[in-house]
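What follows is a single structure, written as structure tokens, with notes after it.
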Amino acid sequence: MAEPVPGSGPVLAIETSCDDTCAAVVDGDRILSNVISSQRAHERFGGVVPEVASRRHIELIGPVVETALDEAGVDLDRISSVAVTSGPGLIGALLVGVSTAKALADARRLPFVPTDHLEGHVAANFLEPDPLEPPFLCLVASGGHTLLAGVRSRDGFEVLGETLDDAAGEAIDKGARMLGLGFPGGPALQRLAEEGSPDAFDFPVAMSRDPGLDFSFSGTKTALAYTCRDLGEGGVERNRADLAASYQAAIVGQLVAKLDRALRSGEWPAVALGGGVAANGPLREAVSRLCEERGLDLKLVPLELCTDNAAMIAAASQSSRPLAWPDYLGFDPLASPWRS
Amino acid sequence: MTAIIGFDTATEETVVAAMVGGESTFEFRSGPVEGDRPAHSSELLTAVEQAVDSVGGWERVGRVVTGVGPGTYTGLRVAIATAIGIALARTTEVAGIPTLDVMARSIHIARGGEGDGPAIAVPALDARRGELFFAAYDPGGSELHPASVGSPEALAEAVSQLGGSALVAGPGAIRFRSELEALGLELAGVDDPANHLLGSAICELGNQEDRNGQGPLEPIYLRAPDAERWNRERRDVV
Ligand SMILES: [Zn+2]
Numbered sequence: 011m012a013e014p015v016p017g018s019g020p021v022l023a024i025e026t027s028c029d030d031t032c033a034a035v036v037d038g039d040r041i042l043s044n045v046i047s048s049q050r051a052h053e054r055f056g057g058v059v060p061e062v063a064s065r066r067h068i069e070l071i072g073p074v075v076e077t078a079l080d081e082a083g084v085d086l087d088r089i090s091s092v093a094v095t096s097g098p099g100l101i102g103a104l105l106v107g108v109s110t111a112k113a114l115a116d117a118r119r120l121p122f123v124p125t126d127h128l129e130g131h132v133a134a135n136f137l138e139p140d141p142l143e144p145p146f147l148c149l150v151a152s153g154g155h156t157l158l159a160g161v162r163s164r165d166g167f168e169v170l171g172e173t174l175d176d177a178a179g180e181a182i183d184k185g186a187r188m189l190g191l192g193f194p195g196g197p198a199l200q201r202l203a204e205e206g207s208p209d210a211f212d213f214p215v216a217m218s219r220d221p222g223l224d225f226s227f228s229g230t231k232t233a234l235a236y237t238c239r240d241l242g243e244g245g246v247e248r249n250r251a252d253l254a255a256s257y258q259a260a261i262v263g264q265l266v267a268k269l270d271r272a273l274r275s276g277e278w279p280a281v282a283l284g285g286g287v288a289a290n291g292p293l294r295e296a297v298s299r300l301c302e303e304r305g306l307d308l309k310l311v312p313l314e315l316c317t318d319n320a321a322m323i324a325a326a327s328q329s330s331r332p333l334a335w336p337d338y339l340g341f342d343p344l345a346s347p348w349r350s
Numbered sequence: 002m003t004a005i006i007g008f009d010t011a012t013e014e015t016v017v018a019a020m021v022g023g024e025s026t027f028e029f030r031s032g033p034v035e036g037d038r039p040a041h042s043s044e045l046l047t048a049v050e051q052a053v054d055s056v057g058g059w060e061r062v063g064r065v066v067t068g069v070g071p072g073t074y075t076g077l078r079v080a081i082a083t084a085i086g087i088a089l090a091r092t093t094e095v096a097g098i099p100t101l102d103v104m105a106r107s108i109h110i111a112r113g114g115e116g117d118g119p120a121i122a123v124p125a126l127d128a129r130r131g132e133l134f135f136a137a138y139d140p141g142g143s144e145l146h147p148a149s150v151g152s153p154e155a156l157a158e159a160v161s162q163l164g165g166s167a168l169v170a171g172p173g174a175i176r177f178r179s180e181l182e183a184l185g186l187e188l189a190g191v192d193d194p195a196n197h198l199l200g201s202a203i204c205e206l207g208n209q210e211d212r213n214g215q216g217p218l219e220p221i222y223l224r225a226p227d228a229e230r231w232n233r234e235r236r237d238v239v
């Protein structure tokens with residue numbers, strides 16, 4: 011087997027950091043395949059159960075990688091490197107992807123590229139059909155992370171702000187649960203909120219007066235819990251739509267307030283959204299308005315590139331340091347820092 | 002002659018071996034220092050490459066066999082995912098084999114092989130929460146009691162049903178030493194090699210063309226994940 015030169019052909023990428031089993035083949039900025047197998051198994055638990063996620067990953071990883079190669083029409087002989095999410099994420103889940111990717115790369119003598127999951131979310135913007143070139147400001151919000159990233163080049167980003175407690179998506183899920191909605195809570199909360207008024211209840215937009223760019227959602231969550239307690243079961247039932255609308259507005263309000271503050275430096279000509287929360291309608295509308303007012307470009311990647319996927323890992327891997335065979339045989343995601 | 006590579010990470014140890022024509026060419030075993038977490042992810046693939054080297058390269062490897070548990074969940078998935086990666090990369094045959102089958106074979110080999118070993122081998126692994134994974138086999142490797150999870154008392158009960166002299170060995174026999182001894186069971190000594198998985202036993206069993214146990218790369222858990230148990234119990238109450 012000829013030794014492929016790194017960067018001279020498509021990348022095979024694997025992502026298993028949470029509850030989606032993903033594999034993709036990406037050539038430069040072009041997505042040849044992007045397979046996402048979402049684990050519906052967690053819905054009945056009201057949240058992602060790490061052991062359930064790991065079990066599903068081991069069942070799905072083989073077929074998902076095969077499908078990604080098939081759909082791309084690319085034989086392994088043409089693959090130039092194997093990239094994988096090495097963190098942050100659920101450790102048992104990460105180990106399934108990392109072990110598979112390492113063995114696959116080893117048995118083919120391919121370079122191996124451990125890749126940061128958050129760099130993946132940012133790098134989703136580099137992919138075709140409309141690659142966004144830095145500099146831009148990127149808000150990544152999902153069930154696992156909330157991050158404001160200043161992207162000046164494709165090689166990485168500066169963390170301008172991050173959450174001090176819950177992730178935005180986590181706060182949405184927990185609020186949805188308090189209102190008796192299923193998991194994941196985002197879409198259900200948004201639907202319910204459409205029938206209510208965002209001004210009905212005064213949930214403080216936490217951190218909006220805090221001068222920094224960090225986020226915090228626990229106060230908003232507690233405010234909802236107290237309000238529900240005070241209203242009692244019947245009161246919550248009667249006011250569910252208003253509660254949903256007001257709660258969602260408080261969370262979205264904080265995200266937008268911090269984005270707005272970060273944009274005041276005037277350094278960023280464009281804004282990008284990533285992560286599952288980027289699918290939220292009111293967030294998209296508010297950020298669109300903000301960008302319009304400021305005359306900035308707004309990049310909204312398709313939903314399958316917002317939520318966890320392997321194409322974004324392939325994209326990020328192209329500016330990460332590949333490990334040549336056999337330097338990665340002992341690679342352990344538990345031992346290595348997420349970001350170098 | 003095609004070579005066989007075998008490995009297992011269902012116990013705290015990383016076990017890897019290679020065999021060509023029934024002759025062992027490589028054997029690796031490494032366990033964590035007391036109190037440390039297992040190093041499966043950092044050790045396994047390096048040892049697999051050494052095993053492949055010992056037989057003259059991947060082109061010579063005709064079959065890869067991995068233990069599929071039961072065992073510690075995170076650990077056993079490292080070996081299975083590694084086998085899946087190899088299966089994706091090469092046309093080599095890749096199969097799974099129950100870890101307790103391998104443990105039983107290891108007990109017989111450690112105890113002098115055919116004839117000299119115990120009449121019944123009872124491999125026992127630590128299943129946490131005060132329980133063991135165990136099974137029972139005759140000297141020919143046929144299963145007398147299926148893979149189970151249960152308390153030391155449940156193991157003793159299963160052994161008493163079988164009759165004949167039985168030897169309990171493995172990491173579970175060390176972990177539950179006092180409990181099992183108090184139940185009157187015969188145990189391998191703490192330093193007895195019978196307590197450890199032999200890589201050569203994986204290769205040996207993996208080499209048998211007609212084995213029933215040799216199958217897909219699917220983990221044997223023997224337990225539902227915690228949340229599932231909790232959900233079921235809650236549903237039972239409602
Ligand atoms: Zn993510």
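Residue numbers (this note's numbering), protein chains in the order written: chain B, 11 to 350; chain Y, 2 to 239. The beta-carbon is built from N, C-alpha and C at its ideal position, and this holds for glycine as well.
Does chain B have any CB closer than 8 Å to the CB of Y:D9? no
Return the bridge partner residues of B:S48 from the DSSP annotation. B:D30
Tell me the rounded alpha-carbon separation between B:V108 and B:A334. 15 Å
From the DSSP output, which residues share a beta bridge with Y:I122? It should be noted that the sequence gives Ala, not Ile, for residue 122 of chain Y. BP columns for Y:A122 point to Y:Y138 and Y:L168.
From the DSSP secondary-structure annotation, give me the bridge partner or partners of Y:L133. Y:D127 and Y:G151
Count the other C-beta atoms from every protein chain shown that fall within 10 angstroms of the C-beta of B:E143, then say buried if there are 16 or more, exposed otherwise. exposed
Closest to B:G222 by C-alpha separation, out of B:D87, B:Q264, B:G57 and B:F167, would be which residue? B:Q264
Around ligand 1, which residues pass a check of Cβ closer than 5 Å to any of its heavy atoms? B:S152 and B:D318
Are the region 238-253 of chain B and the region 202-209 of chain B in contact at 8 Å, needing three or more beta carbon pairs? yes
Can you name the start and end residues of the alpha helix (DSSP H) that Y:D9 belongs to? Segment A4 to D9 is the beta strand (DSSP E) holding Y:D9; no alpha helix (DSSP H) there.
Here's the rule: buried if 16 or more other CB atoms are within 10 angstroms of the residue's CB, otherwise exposed. What is Y:L52? First, the residue type needs correcting, since residue 52 of chain Y is Ala and not Leu in the sequence shown. Result: buried.
Please decide whether Y:S42 counts as near chain B, where near means a Cβ-Cβ distance under 8 Å. yes
Taking all protein chains shown into account, decide if Y:M2 is buried (16 or more other Cβ within 10 angstroms of its Cβ) or exposed. exposed
Element boundaries [alpha helix (DSSP H), containing Y:L101]: T100 to A111
Is it buried or exposed for B:L269, if we count other Cβ within 10 angstroms and need 16 for buried? buried
For B:E314, I'd like the list of residues in its chain whose CB is within less than 7 Å of its CB, leaving aside the five on either flank, ordered along the chain. N44 and I46
Which residues DSSP lists as bridging Y:A96, in chain order: Y:V66
In whole angstroms, what separates the C-alpha of Y:E44 from that of B:L105? 13 Å
Could you round the C-beta distance between Y:A84 and B:L114 to whole angstroms and report it? I think they count as a contact, below 8 Å. Incorrect: roughly 11 Å between the Cβ atoms, too far for contact.
Run through chain B and tell me which residues come within less than 8 Å of Y:E182, C-beta to C-beta. The premise fails here: Y:E182 is roughly 32 Å from chain B at the closest Cβ pair, so nothing lies under 8 Å.
Complete runs of the beta strand (DSSP E) confined to the region 160-199 of chain B [at least 3 residues]: 166-172
Kindly indicate which three-state DSSP category Y:G23 falls into: helix, strand or coil? coil
If we count the other Cβ atoms within 10 Å of its Cβ and call it buried at 16 or more, is Y:R78 buried or exposed? buried
With a CB to CB cut of under 7 Å and the five nearest residues on each side skipped, what residues in its chain are close to Y:E219? V69 and G97
Helix, strand or coil for B:H67 per DSSP? helix
Beta strand (DSSP E) runs wholly inside the region 123-156 of chain B, at least 3 long, in chain order: 146-151
Out of B:L344, B:G340 and B:A325, which one is the CA nearest neighbour of B:S91? B:A325
9 Å Cβ cut-off: residues of chain Y touching B:P343: S42
Rounded to whole angstroms, what is the Cα-Cα separation between Y:A183 and Y:P140? 26 Å
Cα-Cα separation, B:R162 to B:Q328: 16 Å
State buried or exposed for B:Y236, treating a residue as buried only when at least 16 other CB atoms are found within 10 Å of its CB. exposed
Top-ranked residue by Cα proximity to Y:G216, from Y:S42, Y:T15 and Y:V95: Y:V95
Using beta-carbon positions only, say whether B:G160 and B:M322 come within less than 8 Å of one another. no
Could you tell me if B:R331 is buried or exposed, where buried requires 16 or more neighbouring beta carbons within 10 angstroms of its beta carbon? exposed
Residue span of the beta strand (DSSP E) that contains B:G284, given as start and end: A280 to G284
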